[in-house]
Each structure stands twice: as C-alpha cells, then as structure tokens.
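As structure tokens, the structure follows; a few thoughts come after it.
Number of protein chains: 2
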Amino acid sequence: MFRSASSPPKKQAVTPRQIRTRERADRGIPEATVARLPVYLRALHSLQDRGIATVSSEELATAAGVNSAKLRKDLSHLGSYGTRGVGYEVEYLVYQISRELGLTQDWVVAIIGVGNLGRALAGYGGFASRGFRVAGLLDADAGIVGAHICGLTVEHIDELETVIKDRGVSIAVIATPAGAAQVVCDRVVAAGVTSVLNFAPVVLTVPEGVDVRKVDLSIELQILAFHEQRKAGGPMGDQAEPEYEVLEGDGPSDGAQYIEAVDA
Amino acid sequence: MFRSASSPPKKQAVTPRQIRTRERADRGIPEATVARLPVYLRALHSLQDRGIATVSSEELATAAGVNSAKLRKDLSHLGSYGTRGVGYEVEYLVYQISRELGLTQDWVVAIIGVGNLGRALAGYGGFASRGFRVAGLLDADAGIVGAHICGLTVEHIDELETVIKDRGVSIAVIATPAGAAQVVCDRVVAAGVTSVLNFAPVVLTVPEGVDVRKVDLSIELQILAFHEQRKAGGPMGDQAEPEYEVLEGDGPSDGAQYIEAVDA
DNA sequence: TAGATTGTTAATCGATTAACAATC
DNA sequence: TAGATTGTTAATCGATTAACAATC
C-alpha cells in the first residue's frame, strides 16, 4: 500500500512487446507456470515430510524435474519469496503457492459416473489433502445407486442439480461413458458449475467462462507410441533419416512416397 | 524416389532461423502437433461412424476443438493429404495419421498396480481399438493375484521381468501407489521397456532414451482451482483488477501487497 | 568480506494465427 | 469459369534458458 507511487523506474523507451509482457505479468501468471506450481508444491511437501526447512532453487528444481532457471522464473511470478545466498524457506513457499493456487480454501467436488475410474477418483488420497472435498457421487445405473464408496452413498443422476446447488459444488468431474458426457456437462453447467474435469473421450462444448480440462488415457498412450516408433526398435526408425534427406528442398506432395514406403 | 534431384527452389538468402525450422520439419513433427494428432484421429473416427466421407479443415477443426489454421498447419507436417477446394478424405486421413502415430502396428502394454485405477485402465475400450494390447496385469498384493479381470489373470509383481520379456511388452503403465512407482519403473526399464505412462504422483527418474508421460489427477484439479479462484465467485475475483492497476510500472517486490490483500 | 544463490534480463526457441496465393 | 478450400508464409505471441547483477 505505502509503496504505491514511490520511486518510478528509470525513464526509457518501451517497445510494444515490453508493454504486453508487463500487462501479462500484472494480470496473472503464465499458463505454463500455473501448470507447474502443483508439481513444485508436491516436491515441497515431500521435503517437509523429511524435515527439510530450506531449499535452493537447484535442489527444488531437481526434485520437481525441471531446470533451476525455469523454477526461479516461475516463482518470480508469485513474488520475491526467496533469500539470495540462502534459498527458499519450505514452509513459507508451501503457503504462498497454496494460496496462489487457491488451495487455502476448500473446493467442493462432485464425481459423475461411478465405474472403476470414478471409484479410483473417489478414493484418491491426493484430493482431500489438497483442499478438494468430494461431496457427491452420482450414476445413472440403478444397480450402483445406494452403494457406499469411500464414505459416500452413490446417488442417482436425477439428483444432479440438487446435489450441486445444495452442497455448493464448484468442480464437476465427469467419468461417464463418452455418450453421456456432453449431456452431463450441459446439466452441471446449467446448475452453475464453471470448472469441469473431463475423463470421457469426447471434446466437450461449453459456454464462455466455463473451464474444461481433459484427461485422456488413450491419447497419452498414442503419444508414447509415436515416440516409441521412432526409436531403434521401431520398424521405420532406421530408414527415416536418409529418406527425409532425399526430399530436402523438394516441393509439396511429399506424401506420395510415404505410401510407397509402406506398400513396398 | 524419382523426384529426388528435380527443380531446386528459387535461390534466396536463408536466415539461421529458417535453417533450424527446415531441419526440424525434416526431422520430425512438433511435439504440440503430435499431441493433437490423436484428437484429430478421434474426431475422424466419429465422422466415419456417421458415414461422412469428406471433411473440410473448418469442420474437422470444430469437431476437434481447435482453430482451422492450426489444424491445417498440423496436417501439413504429415504431407499434403487434402484437396484444395474440396477438403480431406476421411478414410485416407485416418490411415495417414494412424500410420504417423504408429498405430498401424500393435503395441503390447503391461499394467502394474491393479487397484481401481489399474482396473479402469484394463477395461478401457479405447486401448484395444487403437492398437494397444494389454498383455499383463501385475500387483504386489497376494489378495489380488490370481483374480480374473477383463480376460486376464493378475500376476505377481515378481513375474514382472518375465512378463515383459516373454510377451514383448514395450509400454508399461504404472498405476501403483506413489511409494512403489520408482522401484517398479527401474525394473521395467532394466527389463527393456522404453516408454512409461505414469499415474503415480511422483516424478520418475529414468535414463536417457526412455520416455515418461505422466497423468496426474490431482494436478488437473489444482489447475482448475486456480482459474476458479479468479472468477467472480472467488474471494479475490473482484478486487484483482483495480489492485493491479496501482502497481503498473512499479518496481520489483510486488509480492508484498498480495499478502496485505489477504491479511486485510 | 567471500561465497552462495536469488531475481531479472535478454536471447532464443517453438507455437499460434491471420491472411492469401495456389489450385482443385 | 467462379467458388471453395488447402498449404504456406510471415507476423506475433508465449515459453525456455543461460548468464549475471543484486544481495543475503
């Protein structure tokens, strides 16, 4: 507060790029950084468990699987929470990252679809410890409704709107079959939910202002397969290099030779 | 083949940037593109199911949830598989993307850890239809070993190396508790696996040449919470805008005022 | 003070996007 | 030919990284 209008920075020409960068920095934290904060938080919790009170960017970066420049850059978006020559105080950093991520408050979650995946999610210990409280399990299958899972009773999907409104659900986890996902999504959004975590293998359509994140087991495997194929063991791994060199600087319609390579 | 040395492109100065871009284009497909190919493939399969034979970049992009320029750019990395004025032939594009991702061959998968999550993965229909064959389910719990799940018998973790080698497993899916994940990972890598899909909430350390992808349920929720917090409903949502304006052009250590805002 | 480590700068890299020439 | 749509270009954007001044 008391530092508001003090000591303006040295006067200098400002490029459009710099203006945009500054606006972004002021407004929020880069998406890539947000996605890594939970990873840092987990590493910090692990350090806490081991009774470590202070950590350097180098050590924390290693624990989180990133390079230290990236870690420092990421943390600098939150503020100056380290001490030069010393490092970061673990407990303080845990608090700051938690607050930034919104984990100092509780989030009420409903899981829709109580198959194996829904059950796995309901029983996942990582939720409760991070401020996520599962307050509803819903399913369309009458054979599952009424079952007791992880201290909750499975309710019928007809109760969806009631559950969301009465219990203040703000995050919906969709673990239904693909065919039901969009309908369920429309209903939770209509009931006021603005954050959806989707495990169904479909692209959900939502109105402006609603956030959807997608976890797709099959897509991850397909990405692995792509890279696996390129390794020595893959059937095309050895041919790839010379094949591409022949094409260097060539025009479009390179595609034709791929087919030949496969048919041959 | 027969187009190798024909018609060199117009002579012109080439910047270092262009050289790098060309090298990358020749060598492979950008990671961001690879990650989207499975999404396009799914959308195309859906079109096939509906009997649609041809699709424009605009339509396919909408179905996949991306913009059409990005889609065309992505597909251009594979080759020229469209027809100007017409669009893409669905069946042909399915084939080309499948081949590029390595889905025209079968990949043998082992799932380690047969809790609810492992079971969900074992039963996931999206695998078999994409060329992934689950050939092993392993667990350390004697109470689960021997159980029949999705046509497979759960085997003891002691059999891990045998299963991997005898059945030609090339992708390991780790669905164990956090504490067991690194040990299991070390073992599958030692047995020859070079692609790992990790569901355990830990950062795995692997040697050069081994690919690890990570799916973390808790991290996805935390990212959602961050954005949810910034919306109108969140406690800071309304204050954020004016608060930031005061800081515009101010020096470092902006962080201090965040704390004040919370404490106040 | 000397050593250590942060926070920031600036260069580079990779990804996105609008626009449009090429061409069916 | 006229209309439609691809494939490519080039501008812009956002992310990564090494290097180092600031400073504990």
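As they're listed, the protein sequences go chains A and B. For the record, in the first sequence the residue sitting at position 14 is 14 according to UniProt numbering, with numbers rising by one throughout. For the record, in the second sequence the residue sitting at position 3 is 3 according to UniProt numbering, with numbers rising by one throughout. Ideal Cβ positions, reconstructed from N, Cα and C, are used throughout, including at glycine.
Contacts with chain A (Cβ-Cβ distance below 7 Å) from the region 166-178 of chain B involve Ser170, Ile171, listed in chain order. Around the CB of Pro38(B), 16 or more other CB atoms lie within 10 Å, so the residue is classed as buried. In this structure Gly143(A) is exposed. Its beta-carbon is surrounded by fewer than 16 other beta-carbon atoms within 10 angstroms. In the same chain as Thr205(A), and ignoring 5 residues on each side of it, no C-beta atom comes closer than 6 Å to its own. Using a Cβ distance threshold of 8 Å, Ile171(B) and Glu228(A) count as a contacting pair.
For Asn198(A), DSSP records a beta bridge to Ile174(A), Lys214(A).
Not a single CB atom of chain A sits nearer than 8 Å to the CB of Tyr40(B). When Cβ-Cβ separations below 8 Å define contact, Pro207(B) makes no contact with chain A. The contact set of Leu117(A) on chain B, defined by CB atoms closer than 7 Å, consists of Ala120 in chain order.
Secondary structure note for Asp158(A): it is in no alpha helix (DSSP H), with a DSSP letter that is neither H nor E. With fewer than 16 other CB atoms across the displayed protein chains lying within 10 angstroms of its CB, Ala53(A) is exposed.
Our two residues, Arg230(B) and Gln105(A), have alpha carbons roughly 13 Å apart in a direct line. Looking at the backbone, the Cα of Leu160(A) and that of Arg99(A) are separated by about 30 Å. Going by DSSP, Arg36(A) is part of no beta strand (DSSP E) but of the alpha helix (DSSP H) stretching over 31-49. Around the C-beta of Gln222(A), 16 or more other C-beta atoms lie within 10 Å, and the residue is accordingly described as buried. Contact with chain A is absent for Lys73(B), since none of that chain's Cβ atoms lies less than 8 Å from the residue's Cβ. Per DSSP, Glu208(A) lies in no beta strand (DSSP E) and is assigned neither H nor E. For Pro201(A), the neighbours in chain B by C-beta distance under 7 Å run, in chain order, Arg42, Gly126. Note on geometry: alpha-carbon atoms of Trp107(B) and Leu217(A) lie some 15 Å from one another.
Listed in chain order, the non-local C-beta contacts of Val202(B) below 8 Å within the same chain comprise Ala178, Ala181, Gln182, local neighbours out to five positions each way being set aside.
For the region 185-201 of chain A, residues whose beta-carbon sits nearer than 7 Å to a beta-carbon of chain B comprise Thr194, Ser195, Leu197, Pro201. The contact set of Ala61(A) on chain B, defined by CB atoms closer than 8 Å, is empty, because the minimum CB distance reaches about 11 Å.
Between Tyr95(B) and Tyr88(B), the C-beta gap is not smaller than 8 Å, which leaves the two residues out of contact.
Distance from the Cα of Asp166(B) is smallest, within the candidate group Ala110(B), Ala128(B), Gly131(B), Thr153(B), for Ala110(B). Within the DSSP bridge table, the entry for His148(A) names Thr153(A) as partners. Contact annotation: Gly131(A) and Leu103(A) have beta-carbon atoms nearer than 8 Å.
Counting only the Cα atoms, Thr176(A) lies some 22 Å from Val134(B).
Excluding its 5 nearest sequence neighbours in each direction, Val66(B) has no C-beta neighbour in its own chain below 6 Å. Taking 9 Å as the upper bound on Cβ-Cβ separation, chain B lies near residues Gln96, Arg99, Glu100, Leu101, Gly102, Leu103, Thr104, Gln105, Trp107, Val109 of the region 96-113 of chain A.
Tyr81(A) carries a coil assignment under DSSP once its states are collapsed to helix, strand and coil. Sequence-distant partners of Ile157(B) (beyond 5 residues in either direction) whose C-beta falls short of 6 Å from its own C-beta, in its chain, are Leu138, Ala140.
Listed in chain order, the non-local C-beta contacts of His45(B) below 8 Å within the same chain comprise Val94, local neighbours out to five positions each way being set aside. Chain A places a beta carbon closer than 8 Å to that of Val34(B), counting this residue as a contact. The straight-line gap separating the alpha-carbon atoms of Ser195(A) and Leu101(B) is approximately 31 Å. CA-to-CA, the gap between Ile149(A) and Arg119(A) works out to about 7 Å.
Listed along chain B are Gly102, Trp107, Ser170, Ile171, Thr194, Ser195, Asp211, each with a C-beta nearer than 9 Å to that of Glu228(A).
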